[in-house]
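Participant: Residue numbers (our numbering), protein chains in the order written: chain A, 41 to 447; chain B, 41 to 447; chain C, 41 to 447; chain D, 41 to 447. Have a look at this one.
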């Protein structure tokens, strides 16, 4: 057993840390100042600082670090990339700067693994070059998306074409002016076995029939210029070659996409939690009331200790899940991945809640803490609610005792 | 012991319930549609529907119900008004419709109790008529406001004038175009005994030297057109008669203001919690996944039971505090009031969190639930953080055993 | 709404408080010294001090206070008796001293309501006189007793006799040398509608075929000389007149028995919690570490505040349930009674846990705190586990929205 | 980063698992049957099965595995022994069977590191041979032992002798008929610097002046025949050579003793938690109510998932602390060790609480679960209360930001 990172991971980690500290964090305010946001997404602009920082990071080789493929990406495995993902999570801006942000990273991984040469050339290469962005259209309003059999959007194969219909929301990334394509998940054959019904289709953002209805706010936040869109797909006709890996393989691809993606999400969440915790500690020492620093008042040291315990435990669990993914594959790591998906967002939410509380009125209005808080809350739903992941963990546990896994 | 409401309370309660259900709630969307909001507060407008509904409510006598004074108000005592406040809390719009919203209600009460005839005529009467609004300027940035000795803003008496200087924030209500005056709390004599240093001053919103710097968002929300302002008071000169009850009585008045105000806040919070809980239950029965209503999946019934237990207990505690206030006065009810200030906002936050969770992606974007969630979170800081109120409760408890009350 | 106790309740309450403080608590150690306990229940003896104190209490009229019937008992209704029950719960010894302990109080109430004249004369009168004790045999090993349809013990009517067979455990009170009879619950007609199958039978403790197999320890505690027995009923033949209220009414009687009994249990639990809390506060002020009383170290004041909030809320909920029982009957108060059965034991367990913790090593070995802790833990199972009561609360809540109440 | 155990650790682990499953667990009842226990400790006897199993284990080389020293012990480092300690924690009997139980293991380690040749020959060798047992006398009644400056017992050097006086309790292991010596911690020079005042002294159990006053029960449990004694040391005179490593080094030795000992305690606690969790799952599948296995009722799957998350996280944290101890020494691992001392006992307590709850009435009386529950509760105090360890974690955290560490 060894808790030290590999030499290569350690090396890259230090570079990324330095870049985040020296180049990215000092430009948080630049970014906010340059941003054109608000509910009207058609006016959104990408702050120029993003592209500048991307060029710098790419020049240093700090680019596509998430991609274990050594031809297209950095060739780091999950356990090596995990601590790097954590560091990028400290800054709302860093993931994109390193071209490691969701959903592009997951979309890239799908294309690396399942894409045809043509698909790779058209979509993967510019995505990895950072010249375009993408979105992922899976969740639907009006049904419980955690039960895949509820999905109503369709992608029927008609002759040489695939025809898409349906309403999606939480299509994250669709608001970005650079968003060039969506990966769309829909039902191709409702009569097929449960896990062979769906297909994944590459949809150009400007394909006729694709219509963004609105951007959906998260607790009032629009995440500009990224955005979470409600999108109507209305008889969108595409060549059949737009289907990734062929009809009926959507579920299989989705499963594979989720493992590493959840590791990334969770490690970034823990990076955010660690940053919020740092703010908490600084405030505890820096602010005085009743003649003493807040650290010496009431239960604040217990709060600090408990936050440290929670973050460290969640991080170890996530690193172990990354290791399990590396050594046992996605099937072998399923319960581990479900476990961290419950733990990490909750840690982020609760640590940030405590950090806001110790900041008093200021905490209610601090953009960094507020964003972490909304993120933590949202991640408890995004990519499957806590409840569904707890069910997976319990089913896996009870299976050891012969249970077949009830609903 | 009798848990039934008085006949009069019951009667008014039913009228208020009917009005909220039939007249106010159906206009929530009207209000949102009419609202001009956004970060630029100078463009804010009051939705016309508000004034229409106010006229209706006033016509039915459902007006100034919060005011126990029977000359100026409805003459209901705290325990009778408490359940009415709860019902108004179900709707973000209702408190103002009945002219019962903060901080106007607290400001009115201060004026009824401590105002001179001239002050009453100029400010109280239009406030109670609903033709003007007001704000309360106490909290300051850069210091821990929960420790009153930290206050830096001053209101010096110079000859016949009182001169105000200082920076305030979370001056709630200052964004409203109808806001006509502030009640300002500042230090008059820093050498006086601790509880005789402060004064409360009535400040016309358009007094020279009063400058709104910005509106402070709460977790990204501006609460338009109410708003929480950061306000600079720069050598604001007013006649000495603007001081309420004379110099040095600010702390005393503030204490008296807080008792009923906290009861109102808490009861409204519980009304909001009850509404969120209703939404939770409706969703639990109405949404199906894995072949069953959510109510029959996993721990949802436990969540429902626990929410019911939490709300009911918090309500009883708040009603008892109202009764204590009626029967023992503010001094006798201090620990009771501190207790509810801890309990009720936490219940609102946690019940709403659960309601959002069961709504899945929709819950992340539901305006009603999101607002309740932000409100619950903010109330854990507003009017004193949980930590300070817990200290009050503990000090009161330990005093029974001879403790003098450490910090 | 009025949170004050009635004059009569207040008067009796003060007498009971005085008696507990001045007469009962000073004899706790006497009782422990006189007790002959240990796993071998056949050697158990009742400490003589109990009977002495009973005589005193009876002489003062502080006797059978639990019984709302004004012929047989004190004629106090539930809301009046509730605060008295709380005070008796402070002392492990007090409930019996006032002849108000379970299961005798519940058994007496059953007999008052449903007993024949002959049954009353033979069993009720000596029970109310305090000359005999009794037990209640319902729970069975090997099946989930919270689901009444699981019950396996039988009481068949054969001619003029009723014949009992089955194995019971947690038959509380059976270890007492004075235990003269059991109330036994069994199935008379398995083909009857679900709520008409069971009967309650009065069984003399020395009836042939009744065999105590062992006393069941609770977390290692035997509760001597009360005891929780595992009892074999082996072809126990009794006259048919031993059935209370006639065959098939067992379920109905059991339901009625549970309402007031749960109020008593919960109020006593809160009395115990209040006593543990007092010990916690005294320790917090009396013990010094690192130069300060424990009250001024770390989060202890938060712990104190939270305990006060929890106890007060639980008490109010329980008092309201008592009031609901008085004003709406058992059917109307069902959800209220289920609610308190969840809340009060959990409060006792957690407050006592905190009280033990602040006592350090001493807390691990303090007989009073240890007993409260075991009691709190056990009450979360006894008389229905938390889970079952939460289900009841949730079903009641969802029924408001049209749900028929799933399992 | 690698979460796999070393080959050697894996090999020994499998042997230990097999032995616990096949040889130890089947004799749990034998042990209970052979035990002579009860409050009167002078009658306690060691069940013969213990010595039989010890011989077997020793014969297989599964002996003194805890001792990293490769001359006296197995030579496994902390991270290798940790998973083995976990497995022994599943069985109350296993630690002693492998000669790895507290406080003997800690005492042996002290002697290996600091003992003179003579001390090793007289006490260490028979201890490692398993022919004697030992006790550790540190905690004192009447003072807060978590603050070492409170210690009142003395061991004065007078000429060639050291003279011990004082009252100790929670002297664990002193009840064992085989207990041959105590390690005693007392003050030698109260005027020395804070960490040079204390000495550790080897005291033969039969030394004149040593008097066991009673065995202290833990929540009513005596832990026979181990026992936790209250011991009077009354002018106990021993040769000066009985002091370990010389006068004034007691604090230093105690610090070194605590690191590995806490790892062992925590891993055993997690082994117990894992066993309780297994029982929980088996019960969830095996018991039926309302027509379904308990696993499919209410929130039981959430409880199962949460227990798995809690145990796994606590285990990872403890393994990392073991690794930190191996790679950075005791000083470098201090905060890590404090962290696990908070986490692991709480996990044991809460998982066992859930396991008991799902067992209903049976859970209240199950010897295995009850013992785990008492153990978990007691470990939150033993070896320093949670509060003190949280302070250590917080101080370590705040030191990163320049704090000097308040009390």
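Ideal Cβ positions, reconstructed from N, Cα and C, are used throughout, including at glycine.
Return the CA-CA distance between residue 78 of chain C and residue 404 of chain C, expressed in angstroms with no decimal places.
Facilitator: Residue mapping note: residue 78 of chain C aligns to position 38 of the third chain, counting from 1. Residue mapping note: residue 404 of chain C aligns to position 364 of the third chain, counting from 1. Their backbone Cα atoms lie some 20 Å apart in a straight line.
Participant: Rounding to the nearest angstrom, what Cα-Cα distance links residue 259 of chain C and residue 394 of chain B in this structure?
Facilitator: Residue 259 of chain C sits at position 219 when you count from the first residue of the third chain. Residue 394 of chain B sits at position 354 when you count from the first residue of the second chain. Each residue's Cα considered, the two are about 35 Å apart.
Participant: When the Cα of residue 343 of chain B is compared with those of B:64, B:119, B:287, B:387, which residue comes out closest?
Facilitator: For this step, residue 343 of chain B is matched to residue 303 along the second chain. Selected option, being the one with the closest Cα: B:387.
Participant: Identify, in the order they occur along the chain, each residue of the same chain with its Cβ nearer than 8 Å to the Cβ of residue 457 of chain B, setting aside the five sequence neighbours on each side.
Facilitator: Coverage of chain B is limited to positions 41 through 447, which leaves residue 457 of chain B absent and any answer about it impossible.
Participant: Our contact map puts residue 41 of chain B next to residue 43 of chain C with C-beta atoms below 8 Å; I'd like the distance itself, whole angstroms only.
Facilitator: Translated into the one-based positions of the second chain, residue 41 of chain B becomes position 1. Translated into the one-based positions of the third chain, residue 43 of chain C becomes position 3. Confirmed, Cβ separation roughly 6 Å.
Participant: For chain C, find out if any of its Cβ atoms is closer than 7 Å to the Cβ of residue 342 of chain A; answer yes or no.
Facilitator: For the purposes of this step, residue 342 of chain A is taken as residue 302 along the first chain, with counting starting at 1. At least one chain C Cβ lies under 7 Å of residue 342 of chain A.
Participant: Could you say if the stretch 242 to 259 of chain A and the stretch 221 to 231 of chain A meet the contact criterion of at least three C-beta pairs nearer than 8 Å?
Facilitator: Touching, yes.
Participant: Which residue spans inside the stretch 271 to 359 of chain B form an unbroken alpha helix (DSSP H) run of at least 4?
Facilitator: Taking only runs of at least 4 residues, the alpha helix (DSSP H) segments lying wholly in the stretch 271 to 359 of chain B are 290 to 326.
Participant: What are the start and end residues of each continuous beta strand (DSSP E) run of 3 or more residues lying completely inside the stretch 196 to 268 of chain D, in chain order?
Facilitator: Runs found: 201 to 212, 219 to 227, 238 to 244, 250 to 255.
Participant: Three Cβ pairs or more, each shorter than 8 Å: is that satisfied between the stretch 95 to 105 of chain D and the stretch 58 to 71 of chain D?
Facilitator: Contact holds: three or more Cβ-Cβ distances are below 8 Å.
Participant: Please return the same chain residues whose Cβ sits closer than 6 Å to the Cβ of residue 298 of chain C, not counting the five positions on each side in sequence.
Facilitator: In the third chain, the residue the question calls residue 298 of chain C occupies position 258. Excluding sequence neighbours, residue 298 of chain C sits near nothing in its chain.
Participant: Apart from the five residues on each side of it in sequence, which residues of its chain come closer than 7 Å, Cβ to Cβ, to residue 370 of chain A?
Facilitator: The count along the first chain starts at 1 and reaches residue 370 of chain A at position 330. Closer than 7 Å at Cβ, skipping near neighbours: 295, 296, 299.
Participant: Does residue 14 of chain B come within less than 7 Å of chain D when only Cβ atoms are used?
Facilitator: With chain B covering only 41 through 447, there is no way to say anything about residue 14 of chain B.
Participant: Residues of chain C with a CB under 9 Å from the CB of residue 431 of chain B: which are they?
Facilitator: In the second chain, residue 431 of chain B corresponds to position 391, counting from 1. What residue 431 of chain B touches in chain C: 341, 342, 345.
Participant: How big is the Cα-Cα spacing for residue 397 of chain A and residue 140 of chain C?
Facilitator: For the purposes of this step, residue 397 of chain A is identified with residue 357 of the first chain, where counting begins at 1. For the purposes of this step, residue 140 of chain C is identified with residue 100 of the third chain, where counting begins at 1. Their backbone Cα atoms lie some 47 Å apart in a straight line.
Participant: Could you pull the start and end residues of the beta strand (DSSP E) that residue 176 of chain D belongs to?
Facilitator: Counting from 1 along the fourth chain, the entry for residue 176 of chain D is found at position 136. Note, residue 176 of chain D: beta strand (DSSP E), 173 to 177.
Participant: So which residues on chain D does residue 437 of chain A lean against when the C-beta distance must stay under 7 Å?
Facilitator: The residue labelled residue 437 of chain A in the question sits at position 397 within the first chain. Per Cβ cutoff of 7 Å: 321, 344, 348.
Participant: For the stretch 113 to 124 of chain A and the stretch 170 to 189 of chain A, state whether three or more C-beta atom pairs, one from each stretch, are separated by less than 8 Å.
Facilitator: No contact exists between the stretch 113 to 124 of chain A and the stretch 170 to 189 of chain A.
Participant: Tell me where the alpha helix (DSSP H) around residue 411 of chain A begins and ends.
Facilitator: For this step, residue 411 of chain A is matched to residue 371 along the first chain. Start and end: 407 to 419.
Participant: At 8 Å on the CB atoms, spell out the chain C contacts of residue 353 of chain B, in chain order.
Facilitator: The sequence position of residue 353 of chain B within the second chain is 313, counting from 1. Those within 8 Å of residue 353 of chain B in chain C are 353, 354, 356, 357, 383.
Participant: Quick check: what's the CA-CA separation for residue 227 of chain A versus residue 158 of chain A?
Facilitator: Walking along the first chain from the start, residue 227 of chain A turns up at place 187. Walking along the first chain from the start, residue 158 of chain A turns up at place 118. Their Cα atoms are separated by approximately 24 Å.
Participant: CB-CB under 8 Å to residue 442 of chain C, same chain, minus the five flanking residues each way: which ones, in chain order?
Facilitator: Counting from one through the third chain, the residue named residue 442 of chain C turns up at place 402. Excluding positions up to five away in sequence, the list is empty.
Participant: Would you tell me roughly how many angstroms separate the C-alpha atoms of residue 152 of chain C and residue 172 of chain C, rounded to the nearest one?
Facilitator: For the purposes of this step, residue 152 of chain C is identified with residue 112 of the third chain, where counting begins at 1. For the purposes of this step, residue 172 of chain C is identified with residue 132 of the third chain, where counting begins at 1. Residue 152 of chain C and residue 172 of chain C: Cα-Cα distance of roughly 16 Å.
Participant: Say whether chain D places a C-beta atom closer than 7 Å to the C-beta of residue 404 of chain C.
Facilitator: The residue you call residue 404 of chain C lines up with position 364 of the third chain. Yes, its Cβ sits closer than 7 Å to a Cβ of chain D.
Participant: How should residue 88 of chain D be labelled, buried or exposed, when 16 other C-beta atoms within 10 angstroms of its C-beta is the threshold for buried?
Facilitator: Position 48 of the fourth chain, counting from 1, holds the residue named residue 88 of chain D. Exposed: under 16 other Cβ atoms inside 10 Å.
Participant: Which partner residues of residue 381 of chain C appear in the DSSP bridge assignment?
Facilitator: Taking the third chain and counting its residues from 1, one reaches residue 381 of chain C at position 341. Answer is none; residue 381 of chain C lacks a bridge partner.
Participant: Below 7 Å CB to CB, which residues in the same chain sit around residue 319 of chain C once its five sequence neighbours on both sides are set aside?
Facilitator: For this step, residue 319 of chain C is matched to residue 279 along the third chain. Closer than 7 Å at the Cβ level, and outside the excluded window around residue 319 of chain C, lie 395, 409.
Participant: Can you pull the chain D neighbours of residue 307 of chain A, defined as C-beta to C-beta under 7 Å?
Facilitator: One-based indexing of the first chain puts residue 307 of chain A at position 267. Within 7 Å Cβ-Cβ: nothing; residue 307 of chain A doesn't reach chain D, min ~13 Å.
Participant: Are the stretch 335 to 350 of chain A and the stretch 413 to 430 of chain A touching, with three or more C-beta to C-beta distances below 8 Å?
Facilitator: Flag = no, the stretch 335 to 350 of chain A and the stretch 413 to 430 of chain A do not touch.
Participant: What is the DSSP secondary structure of residue 440 of chain D, reduced to helix, strand or coil?
Facilitator: Taking the first residue of the fourth chain as 1, we reach residue 440 of chain D at position 400. Coil at residue 440 of chain D, not helix or strand.
Participant: Would you call the CB atoms of residue 354 of chain D and residue 310 of chain D closer than 7 Å?
Facilitator: Here the question's residue 354 of chain D lines up with position 314 in the fourth chain. Here the question's residue 310 of chain D lines up with position 270 in the fourth chain. For residue 354 of chain D and residue 310 of chain D, yes; Cβs fall inside 7 Å.
Participant: Got a sec, what are the start and stop residues for the alpha helix (DSSP H) residue 50 of chain B sits in?
Facilitator: Working through the second chain from its first residue, we reach residue 50 of chain B at position 10. Note, residue 50 of chain B: alpha helix (DSSP H), 47 to 59.
Participant: What are the start and end residues of the alpha helix (DSSP H) that includes residue 101 of chain D?
Facilitator: Numbered from 1 along the fourth chain, position 61 holds the residue referred to as residue 101 of chain D. Per DSSP, residue 101 of chain D belongs to no alpha helix (DSSP H) and is neither H nor E.
Participant: Can you list, in chain order, the residues of its chain with a C-beta nearer than 6 Å to that of residue 376 of chain C? Leave out the 5 residues immediately preceding and following it.
Facilitator: Numbered from its first residue, the third chain carries residue 376 of chain C at position 336. Cβ within range, chain order: 361, 364.
Participant: Is the CB-CB distance between residue 107 of chain B and residue 113 of chain B below 7 Å?
Facilitator: Mapped onto the second chain, residue 107 of chain B falls at position 67. Mapped onto the second chain, residue 113 of chain B falls at position 73. Yes, the pair counts as a contact, with Cβ atoms nearer than the cut-off.
Participant: To the nearest angstrom, how far is it from the Cα of residue 84 of chain B to the Cα of residue 214 of chain B?
Facilitator: Translated into positions along the second chain, residue 84 of chain B becomes position 44. Translated into positions along the second chain, residue 214 of chain B becomes position 174. Looking at the two C-alpha atoms, the distance is approximately 11 Å.
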